[in-house]
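A.B. asks:
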Amino acid sequence: MAIGEQQTQEDEDSGSEFEPNVGWRHTLSKIKDDTTARFGLYVIAIVGTVAMVTTIDANLSTITFGRVENFTLAESVWYHPERHPDPGTTERRMPPFFVEGGSLEHPLGTDRNGRDYISRLVYGTRVSFFVGIVATGLGMIGGTIVGAVSGYYGGWVDDVLMRAVETLYAIPPLVLVIVFTVFVSGGDPDIIYAVFGVGIAFIPVFARLIRSRVLSVREMDYVEAARATGVKDRDILRRHVIPNSFAPVLVLATLQIGVTILIVAGLSFLGYGAQPPTPDWGEMLRISHQYMHSNPWMSIWPGLAILITIMGFNLFGDGLQDALDPRIK
Amino acid sequence: MSDTILEVTDLKTQFYTERGVVRAVDGVSFDVKQGEIVGLVGESGAGKSVTTSSVLRLIEEPGEVVGGEVDYMGRTIVGFEDTGEELVPRDEMLTEAQMRDQIRGNEIAIIFQDPMESLNPVYTVGGQVKEFIELNRDLSGEEAKEEAIEMLRRVGIPEAAERYGDYPHEFSGGMRQRVLIAMALGCRPNLIIADEPTTALDVTVEGQILELVNDLQAEFGTSFIWVTHDMGVVAEICDRVNVMYLGQIVEQGPVDEIFHDTQHPYTEALLNSIPRPDRTVDDLEPIEGTMPSARSPPSGCRFHPRCPDAREPCREIEPAFEQVAETADGAAHRASCLKHEEVGYWEAEPLEVEVEK
């Protein structure tokens, strides 16, 4: 084919120096250049690593990673009889080591049952991480499906779905989740109900966001081209519409993980989330706020943990937003 | 060469807007024969793209095909019957699923105007060509990939195998247009609708693409409906031409007849507005004014408010679309102008043409 060979030769030449400003590689390289986003990513990485810790000694001499085998065993959780002194005999509400009365045996002190605080914080990371990612993931998947279907089909489908979503949106998430938890759990709240509740409560945010993107993407010529070539609606949605509408959803999800962690901590604080003895940060705050005056450190440590984790996700989310926004060079 | 594969009769498509009904396509009839390139020419807003979308039943809310017949090789794509009160779709009309599985892509493919937006930016070019080929032909994944590379090579993409994995943004406009042609041809359709495929390209690339289409058309024997507003492109590749104005076809005939024995003042005006190698003029004459709204088309002949030849009867009498001239090979040359009717056009006074500028 002789036609256009000259033209294509030029294309080839310029193609080798061409720097695409979309795609994963580009996004990652942008985050690499963005100090705050990189910092956020490091924080997430550190907290994530901590979340994988399964056994931890109070004096940090033994740390292993993997699955917690006795995750659900109430009495033995986060306490190992051979390595830890009997909680009954440990001093309760011990302050951290740098305060008078503290000891390096329990660097951050002990809780009101005499359990080591740093171990509980570390195990609490796992709960918060799991909750943040799973609940946000549920909201993201649910919201993406609802929003994409709604925006793509339009008409009465759109009306019905979006009115339902708006109804859900009108209820404050905390109230919604509490009501959901109480009804579904039948008066026996657990963190898993809170996770589902928060996931459902976040559907509207994601649904509205992706719908607005889908409304413009569905008018693109490549969607029309796919229809004109006989691609099924379901495949058009899955392969063409959703992938092209997904960037803002990804950013929102990253930012939303922080919000989720905070909301679930709040639920645990109110007693609708993690139940004792599960070492959840919110649950730790619930217990410790009674001792605000006598031992404020008991509240400060979980508070700091929540703060740092959320900050990590927010900084990373902001960086991701900038990296995925083609208008910001 | 003479088997008719697509026959469109009196096709009507309307859009229901808040400000009234837009008759975007108002009684269009044309046909396409095996292996020929049929042009569909007209200004912006004449209804060219709506016509082609209607043929594939791709019209979306608030638009609707409200009348006429579209017959593709004995299969009814659009067909209505009169129940006495209203027109309802006939039973033998293909269902949406049949359209999707049997017609779109594998029988009739479409190439869109904007090569920049017709490829999905998140997938590789080759993957998209392969997807369409897999969908419309019985090929395994591996065969489809080979076929995709082969098609890319055929449309003149160098090192097709290496470029298979590149993303659309790594291709230039002309290259992307070639990819779109590869996608359409790869499905081995019988008819390709090209909706202004070269409008977004510069002239040199346009020339290359037209040459490519001519070559491929000769090779595969595919028929084309070529939608354009450029008479130059029409002269280059079309066998027959349909000139559209305001939702109707005003002149139809073989390309030579249209250019050298023009029968409709609108076609005449179109031709006068472009430079031609066979005529030397000092100034090109643009067509005065703009096309009126399709919501309330002018009475009588739709072109009369802008027509330099308009006379009194043009205001009231709607011209019939009729055979107007003898052609060498017997092909029909039709036009709708009162000049060719016995309605006293020649006796009447010329109309003062007032044109909104």
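Protein chains in written order, with our numbering: chain A, 2 to 330; chain B, 509 to 865. Yeah, the Cβ is synthetic: ideal placement off N, Cα and C, and Gly gets one too.
(1) So which of B:Glu824, B:Ile619, B:Tyr774, B:Asn698 has the shortest CA-CA distance to B:Val549?
(2) Helix, strand or coil for A:Asn245 per DSSP?
(3) A:Asp112: which of A:Ala306, A:Gly318, A:Gln291 sits nearest, CA to CA?
(4) Am I right that B:Glu477 and B:Ala833 are in contact with their C-beta atoms under 8 angstroms? What's the rounded C-beta distance?
(5) Hey, would you say A:Thr261 sits closer than 7 angstroms to A:Gly318, going by beta carbons?
(6) If we cut at 7 angstroms on Cβ distances, does A:Met221 have a partner in chain B?
(7) Look up B:Phe588 in the DSSP assignment and give the residues it is bridged to.
(8) State buried or exposed for B:Phe679, treating a residue as buried only when at least 16 other CB atoms are found within 10 Å of its CB.
(9) Alpha carbon to alpha carbon, how far is A:Thr230 from A:Ile146?
(10) From B:Ala869 to B:Pro666, what distance separates their C-alpha atoms?
(11) Which residues in the same chain have their Cβ closer than 8 angstroms to the Cβ of A:Gly41, if we skip the five residues on either side of it in sequence?
(12) Please state whether the Cβ-Cβ distance between B:Ile825 and B:Gly808 is less than 7 angstroms.
(13) Assign A:Trp302 to one of two classes, buried (16 or more other C-beta atoms within 10 Å of its C-beta) or exposed (fewer than that).
(14) Can a CB atom of chain B be found closer than 7 angstroms to the CB of A:Pro249?
(15) Are there 16 or more other CB atoms within 10 angstroms of the CB of A:Gly133, so buried, or fewer, so exposed?
(16) Whole angstroms is fine: what's the gap from B:Leu724's alpha carbon to A:Ala165's?
(17) Roughly how many angstroms lie between the CA atoms of B:Gly761 and B:Glu849, to the nearest whole one?
(18) Considering just the uninterrupted stretch of the alpha helix (DSSP H) at B:Ala702, what are its terminal residues?
(19) What does B:Pro570 touch in chain A if you count any residue whose Cβ is under 7 angstroms from its own?
(20) Could you check the C-alpha separation between B:Glu594 and B:Leu566 for me, to the nearest Å?
(21) Tell me, please, whether the CB atom of A:Gly231 is closer than 7 angstroms to any CB atom in chain B?
(22) Rounded to the nearest angstrom, what separates B:Leu792 and B:Pro783 at their Cα positions?
(23) Nearest chain B C-beta to A:Ala254 closer than 7 angstroms, yes or no?
(24) If we count the other Cβ atoms within 10 Å of its Cβ and call it buried at 16 or more, is B:Val789 buried or exposed?
(25) Please tell me whether B:Gly694 has its Cβ less than 7 angstroms away from any Cβ of chain A.
(26) Could one say the Cβ of A:Glu76 lies closer than 7 angstroms to chain B's Cβ atoms, at least one of them?
(27) Could you work out which residue in B:Met624, B:Gly634, B:Val758 is closest to B:Glu670 when comparing CA atoms only?
(28) Can you have a look at A:Glu220 and say buried or exposed, based on whether 16 or more other CB atoms are within 10 angstroms of its CB?
(29) With a threshold of 8 angstroms on Cβ separation, who are the neighbours of A:Gly49 within its own chain once the five nearest residues in sequence on each side are excluded?
(30) Let me check understanding here. Comparing Cα to Cα, which of B:Thr525, B:Val530, B:Val536, B:Gln522 lies closest to B:Ser844?
(31) Where B:Gly571 and B:Val563 are concerned, what is the direct C-alpha to C-alpha distance, given to the nearest angstrom?
(32) CA-CA distance, B:Gly649 and B:Glu830?
C.D. replies: On the basis of the coordinates in this document:
(1) B:Tyr774
(2) helix
(3) A:Gln291
(4) Residue 477 of chain B lies beyond the range of chain B shown here (509 to 865); nothing can be said about it.
(5) no
(6) yes
(7) B:Pro597
(8) buried
(9) 24 angstroms
(10) In the structure as shown, chain B starts at 509 and stops at 865, and residue 869 of chain B therefore has no counterpart that could be examined.
(11) Met312, Gly313, Phe314, Asn315, Leu316, Phe317, Gly318, Asp319, Gly320
(12) yes
(13) buried
(14) no
(15) buried
(16) 52 angstroms
(17) 18 angstroms
(18) Counting along the chain, B:Ala702 falls outside any alpha helix (DSSP H), though it belongs to the beta strand (DSSP E) covering 699-703.
(19) Within 7 angstroms Cβ-Cβ: nothing; B:Pro570 doesn't reach chain A, min ~10 angstroms.
(20) 22 angstroms
(21) yes
(22) 7 angstroms
(23) no
(24) exposed
(25) no
(26) Bear in mind that the predicted position of A:Glu76 carries a pLDDT of just 32, short of 50, making it too unreliable to give a figure here.
(27) B:Gly634
(28) exposed
(29) Phe130
(30) B:Val536
(31) 13 angstroms
(32) 51 angstroms
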